[in-house]
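Notes for the one structure printed next.
Laid out in structure tokens, this is it:
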């Protein structure tokens, strides 16, 4: 039994939350009593539908649009979220995507796109969310890493793997830097999760991944969702910062 429901009333902004892991995290936070702002870039209908569903369940949910790879959009996303919720306690940097390209065939444009969305956007969001987080007495940042950032990823995903490895390092750096302001910073590193993220992944690659997972199944977004709630809880995770939580069915045991 959780002795205190310290998620009740928590003000949470989740980027890239219209589908997949972000949407599952939004549902988990809402069902635990948090107020949630669902960010999207292009999937408006999905974001609005998710927010409506959470409201029907009795939750408080908002929707905000913007491109986290644009500095002015990132600032606006945070400002509007803080205005709608009256503050910010937890920033979940979930937005990300993969563009497959052999690392040896280095492509400047693909590199910029991959790092801008998966890595640089985190710094943009943290910079603009910083004042609101520092004003909270239960502040945390949760970044989305990846098993690829641990093991180099599958062939063709090297740039994505490097970007996620950078996310892991940034998580630790931010944890050290923001600790004095009472802000905890952690990351979740999912393995192979059955979400729209893997719509373009070859079936052969998914089969190979499955064969390497001791729990003998691919993960689901719901397998990850409640870990965000755990890391955001001052009661359950108040002494946890700078950590990368692996959720991969045992595929990688560092």
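In the numbering used here, the protein residues as written are 13 to 266. Glycine residues also receive a C-beta, built at the ideal position from the N, C-alpha and C atoms.
Asked                                                                                                                 : Found
Proximity of residue 123 and residue 66 at Cβ, strictly below 8 Å                                                     : no
Opposing strand residues paired with residue 51 [DSSP bridges]                                                        : 76
Check: residue 63 C-beta below 7 Å from any heavy atom of the ligand ZN                                               : For the ligand ZN, the structure offers nothing, since it holds no ligand at all.
Residue environment, residue 56, which counts as buried when at least 16 other CB atoms sit within 10 Å               : exposed
DSSP three-state assignment for residue 17, whether helix, strand or coil                                             : coil
Cα-Cα separation, residue 36 to residue 52                                                                            : 14 Å
Exposure of residue 190, with buried meaning 16 or more beta-carbon neighbours within 10 Å                            : buried
For residue 29 and residue 96, the rounded distance between their alpha carbons                                       : 17 Å
Residue 258 - DSSP class collapsed to helix/strand/coil                                                               : strand
Cβ-based burial, residue 118 [other Cβ within 10 Å; buried from 16]                                                   : exposed
First through last residue of the alpha helix (DSSP H) which encompasses residue 204                                  : It is not in any alpha helix (DSSP H) - residue 204 carries neither H nor E in the DSSP assignment.
Straight-line gap, residue 79 to residue 138 (C-alpha atoms, nearest Å)                                               : 15 Å
Beta-carbon proximity check, residue 153 vs residue 195, cutoff 8 Å                                                   : yes
Span of the beta strand (DSSP E) around residue 106                                                                   : Neither: residue 106 is in no beta strand (DSSP E) and is coded neither H nor E.
Buried/exposed call for residue 227, threshold 16 Cβ in 10 Å                                                          : exposed
Test item: CB-CB of residue 257 and residue 200 under 8 Å                                                             : yes
Separation of residue 21 from residue 74, as counted between CA atoms                                                 : 14 Å
Alpha-carbon spacing of residue 269 relative to residue 168, whole angstroms                                          : The structure shown does not extend to residue 269, since the chain spans only 13 to 266, so no value can be given for it.
Spatial neighbours of residue 63 in its chain, beta-carbon cut-off 6 Å, leaving aside the 5 residues before and after : 50, 73, 75
From 253, 192, 204, residue whose alpha carbon lies closest to that of residue 229                                    : 204
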